[in-house]
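Notes follow once the structure below has been shown.
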Amino acid sequence: MKCWFCEVIESDPKKALNLKLYGEVDATTSESITKVKYVLHNVDVSRCQLCKSKHRLSVIAFALSCTLLFISLLSAILTAFSVITGFIAGILVGAFAGIGLSGIAYAHGILKGTHSVNYARKNHPEVKSLLEKGYKFGKGIKDHTREIRSAQENDQSIATTATSGSVENKKS
Ligand SMILES: [Zn+2]
10 MKCWFCEVIE SDPKKALNLK LYGEVDATTS ESITKVKYVL HNVDVSRCQL
60 CKSKHRLSVI AFALSCTLLF ISLLSAILTA FSVITGFIAG ILVGAFAGIG
110 LSGIAYAHGI LKGTHSVNYA RKNHPEVKSL LEKGYKFGKG IKDHTREIRS
160 AQENDQSIAT TATSGSVENK KS
């Protein structure tokens with residue numbers, strides 16, 4: 010199978026992008042406990058070694074660039090209040106903004122010839138059809154006070170169920 014992202018290189022099963030989605034199928038409230046039943050669905054998007062590296066590198070470049078831009082912005086504020094002045098202020102504001110912006114362009118450029126992870130989250134056909142059915146990204150545990158119960162109560166009506174479980178959420 011060809012890599013879904015570049016459509017050129019043969020995909021490596023170990024490098025696949027795993028996306029987790031969940032859909033709530035049932036929520037019942039009795040007294041103070043809300044019992045939410047949901048289904049989890051794993052989508053493995055085929056990917057090659059090169060695209061995985063590009064994705065990782067792009068994320069790192071983007072994160073570093075944002076950090077530099079943040080420092081630049083912070084320095085600009087400090088300069089405005091005359092906390093820092095002169096050469097240092099110039100370097101921090103100007104150079105960091107310049108490097109930060111070109112870093113973002115670089116992060117974008119890395120993804121040339123491939124689709125981004127974000128693109129897959131919106132446009133992969135399997136993900137798209139799940140989203141249209143009301144599925145959301147994640148494992149279905151928005152609130153960490155919820156406890157995962159045993160996955161014995163499978164919902165028979167959902168044919169595409171990968172795994173199924175139910176959670177309880179105490180309302181205060
Ligand atoms: Zn690829």
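Per this note's numbering: the sequence shown = residues 10 to 181.
The beta-carbon is built from N, C-alpha and C at its ideal position, and this holds for glycine as well.
* Continuous beta strand (DSSP E) stretch holding residue 42: start and end -> As a position in the sequence shown, residue 42 is number 33, starting the count at 1. Note, residue 42: beta strand (DSSP E), 42-54.
* Asked: Counting along the chain, where does the beta strand (DSSP E) carrying residue 62 start and finish?
  -> Your numbering for residue 62 matches position 53 in the sequence shown. Element bounds for residue 62: not the beta strand (DSSP E) but the alpha helix (DSSP H), 58-89.
* Asked: If you compare alpha carbons, which of 143, 24, 104 is closest to residue 79?
  -> Taking the first residue of the sequence shown as 1, we reach residue 79 at position 70. Selected option, being the one with the closest Cα: 104.
* Asked: Is residue 146 helix, strand or coil by DSSP?
  -> Mapped onto the sequence shown, residue 146 falls at position 137. Residue 146 falls in the strand class under three-state DSSP.
* Can you give me the Cβ contacts of residue 52 inside the same chain, cut-off strictly under 6 Å, excluding the 5 residues immediately before and after it? => Taking the first residue of the sequence shown as position 1, residue 52 is located at position 43. Only 28, 135, 136 meet the Cβ criterion.
* Asked: Does the segment 118-136 come close enough to the segment 84-104 to have 3 or more Cβ pairs within less than 8 Å?
  -> no
* Asked: Within 7 Å: the Cβ of residue 65 and any heavy atom of ligand 1?
  -> Residue mapping note: residue 65 aligns to position 56 of the sequence shown, counting from 1. For ligand 1, not one heavy atom lies less than 7 Å from the Cβ of residue 65.
* Asked: With burial defined as no fewer than 16 other Cβ atoms inside 10 Å of the residue's Cβ, what is the status of residue 3: buried or exposed?
  -> Any answer about residue 3 is impossible in this case: the structure gives the chain only from 10 up to 181.
* Alpha-carbon spacing of residue 140 relative to residue 45, whole angstroms -> On the sequence shown, residue 140 is found 131 positions in, with the first residue counted as 1. On the sequence shown, residue 45 is found 36 positions in, with the first residue counted as 1. Near 19 Å, if we compare the C-alpha coordinates of residue 45 and residue 140.
* Does the separation of the CB atoms of residue 55 and residue 12 fall below 8 Å? -> Position 46 of the sequence shown, counting from 1, holds the residue named residue 55. Position 3 of the sequence shown, counting from 1, holds the residue named residue 12. Their beta carbons are under 8 Å apart, which means residue 55 touches residue 12 by this criterion.
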